Amino acid sequence: MNRTAPAAIGVALLVSTGSVRGAESFADTQYLSGRAGFTRKIEGILVIDDKEIRFTEKKGRLVFRVPMQDVIRAGQNTTWREYPMTPGTREYLEVEATFGETTETILFRTRRHQSAAMAAKIEFLREKAHPASPRG
């Protein structure tokens with residue numbers, strides 16, 4: 371018997387039951403503002419999965435996390451800079467979430483061409499975390 375067959379069957383079962391979480395990492399993301407208690411800009415990695423959004427330092431230390439069920443919305447913004455010597459665009463990701471009694475809008479600067487995909491992924495996973503209530 372082929373030794374890889376049981377492993378392949380196990381992976382197929384995990385995938386079919388949804389036990390494997392499809393986390394996506396976005397390197398070179400910079401936290402700018404919005405989260406209470408975090409006043410300085412931090413370079414790091416934003417990890418998005420079906421349970422939460424995690425922001426870690428480049429070396430992997432967790433900075434903060436936002437449970438997906440607490441996310442209200444995610445959006446992206448692109449600005450054009452026309453300063454001498456630094457023309458180009460900058461992209462931003464905004465995540466609005468509730469934390470206890472407060473609502474915060476967390477702002478990240480992203481790599482070019484990533485903010486729209488990040489916002490779309492968060493919106494998709496947010497909708498999965500907030501299933502529509504049955505109509506009666």
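The opening residue of the sequence shown carries number 371 in our numbering; numbering runs sequentially from there.
Glycine included, every Cβ here is placed at the ideal spot set by N, Cα and C.
Note that the structure is a prediction, hence the values are computed from the model and not measured.
| Check | Outcome |
| --- | --- |
| Closest residue to residue 475 among 462, 487 and 484 (Cα-Cα distance) | 462 |
| Anticipated Cβ contact below 8 Å, residue 479 with residue 402, distance rounded | 6 Å |
| Residue closest to residue 433, alpha-carbon to alpha-carbon, out of 471, 423 and 439 | 423 |
| C-alpha gap between residue 486 and residue 439, whole angstroms | 20 Å |
| Cβ-based neighbour list, residue 406, same chain, cut-off 8 Å, excluding 5 preceding and 5 following | 469, 472 and 474 |
| Residue 384, DSSP secondary structure in three states | Low confidence applies here, because residue 384 scores a pLDDT of 36, under 50, leaving its location unreliable and the question unanswered by this model. |
| Backbone CA spacing between residue 425 and residue 435 [nearest angstrom] | 6 Å |
| Burial state of residue 381 (16 or more Cβ within 10 Å) | Any reading at residue 381 must be qualified, since the residue scores a pLDDT of 37, below 50, and its modelled position is unreliable; no value is offered. |
| Uninterrupted beta strand (DSSP E) stretches inside the segment 419-503 (no shorter than 3 residues) | 422-427, 432-437, 441-453, 456-469 and 472-480 |
| Own chain residues within Cβ distance below 7 Å of residue 482, not counting five before or after | 459 and 461 |
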